[in-house]
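Numbering (my numbering), first residue to last: 620 to 692. Heads up: the structure comes next, in structure tokens.
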């Protein structure tokens, strides 16, 4: 199952040879969750912001109605 998770930098490739740009798999060690060492929700959602931003940047999608604050140098 861990071969589906590309967190370690390995390439995910389909049988047709198409390389995945990102993965949506997150493995959580249940032993750590049961002992209270980590939060299951935090672990599962940890990659979501980065994945979302990567997707938006890859398609050059920018937010609407956001003004850039002036720089005070």
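For every residue, glycine included, the Cβ atom is placed at its ideal position computed from N, Cα and C.
| Query | Result |
| --- | --- |
| In whole angstroms, what is the alpha-carbon distance linking residue 620 and residue 656? | Summary for residue 620: the model assigns pLDDT 46, below 50, so the residue's position carries little reliability, and this model does not support an answer. |
| What three-state label does DSSP hand residue 651 in the structure shown? | helix |
| Mapping the DSSP letters down to three states, classify residue 660 as helix, strand or coil. | helix |
| When you compare only the Cα positions, how much space is there between residue 679 and residue 654? | 42 angstroms |
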